[in-house]
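Okay, structure first, notes after.
Numbering (the numbering used here), first residue to last: 2 to 48.
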């Protein structure tokens with residue numbers, strides 16, 4: 002069935018949900034990593 006959908010979404014609703022969950026985890030993990038890289042790069046605040 003050539004309906005112009007990408008191959009990773011041809012399975013229907015389940016594929017779309019899994020794709021969105023995967024993208025959310027990926028984007029969240031990227032921001033999490035960048036945040037912690039900045040935390041490690043900046044000097045600590047003195048109390």
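Every residue gets a Cβ at the ideal spot worked out from N, C-alpha and C, and that includes glycine.
Which class does residue i belong to by DSSP, given the choice of helix, strand or coil?
| i | result |
| --- | --- |
| residue 16 | helix |
| residue 21 | helix |
| residue 43 | coil |
| residue 6 | coil |
Less than 8 Å separating the beta-carbons of residue i and residue j?
| i | j | result |
| --- | --- | --- |
| residue 16 | residue 10 | yes |
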